[in-house]
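Peer 1: In the numbering used here, the protein residues as written are -9 to 111. Here it is, the structure in full.
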């Protein structure tokens, strides 16, 4: 009887990585459209915010564009604030995404509006 040939599995070190795109001649470099950009301005926060201020939630996310009141300010690596929207819901928002809402009474240069003249008949 003949002896069977022994087959060994390939060595684990035998695998090689594929060459990255762009290194092979003529292959175009792929651009990843799903990359996230980091807003480094968020580290600075927003000056002038205090508890009780009316703000508008900016950015793109939950409750974007809604008016809210600042309930608590949190200082951390990225300063944030807890706000309560007019609908009564609360959430944590980066301070950079908050835009203060200026009311006419709060502005020092605001003048009381004059009543419109009533036409006389």
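Every residue gets a Cβ at the ideal spot worked out from N, C-alpha and C, and that includes glycine. The structure displayed is predicted, hence computed values, not measured ones.
Please list the terminal residues of the continuous beta strand (DSSP E) segment that includes residue 68.
Peer 2: Position 78 of the chain shown, counted from the start, is the residue given in the question as residue 68. Segment: none, residue 68 is in no beta strand (DSSP E) and carries neither H nor E.
Peer 1: May I ask you to report which of helix, strand or coil DSSP gives residue 32?
Peer 2: What you label residue 32 is simply residue 42 of the chain shown in a count that begins at 1. Helix, per DSSP.
Peer 1: According to the neighbour-count rule (16 or more other Cβ atoms, all chains shown, within 10 Å of its Cβ), is residue 29 buried or exposed?
Peer 2: Here residue 29 refers to the residue found at position 39 when the chain shown is read from its first residue. It counts as exposed.
Peer 1: Have a look at residue 39 and residue 62 and give me their C-alpha separation to the nearest angstrom.
Peer 2: As a working mapping, residue 39 is identified with position 49 in the chain shown. As a working mapping, residue 62 is identified with position 72 in the chain shown. Spanning the two alpha carbons is a distance of roughly 10 Å.
Peer 1: Exposed or buried, which one is residue 84 when buried takes at least 16 other CB atoms within 10 Å?
Peer 2: Your numbering for residue 84 matches position 94 in the chain shown. Buried.
Peer 1: What do you reckon, are the CB atoms on residue 43 and residue 60 nearer than 7 Å?
Peer 2: Here residue 43 is taken as the residue at index 53 of the chain shown, counted from 1. Here residue 60 is taken as the residue at index 70 of the chain shown, counted from 1. Their beta carbons are under 7 Å apart, which means residue 43 touches residue 60 by this criterion.
Peer 1: Between residue 80 and the rest of its own chain, which residues show a CB-CB distance below 8 Å, the 5 nearest in sequence each way excluded?
Peer 2: In the chain shown, residue 80 corresponds to position 90, counting from 1. Within the same chain, residue 80 has close Cβ partners 61, 72, 73, 74.
Peer 1: Sort out for me which residues DSSP pairs residue 82 with in a bridge.
Peer 2: As a position in the chain shown, residue 82 is number 92, starting the count at 1. BP columns for residue 82 point to 72.
Peer 1: Am I right that residue 35 and residue 87 are in contact with their C-beta atoms under 8 Å? What's the rounded C-beta distance?
Peer 2: Translated into the one-based positions of the chain shown, residue 35 becomes position 45. Translated into the one-based positions of the chain shown, residue 87 becomes position 97. Wrong, their Cβ atoms sit about 11 Å apart, outside the cutoff.
Peer 1: Nearest to residue 93 by alpha carbon, out of 31, 46, 25?
Peer 2: Counting from 1 along the chain shown, the entry for residue 93 is found at position 103. Out of 31, 46, 25, 46 has the C-alpha closest to the C-alpha of residue 93.
Peer 1: What are the residues that DSSP puts in a beta bridge with residue -1?
Peer 2: Numbered from its first residue, the chain shown carries residue -1 at position 9. DSSP lists no partner for residue -1.
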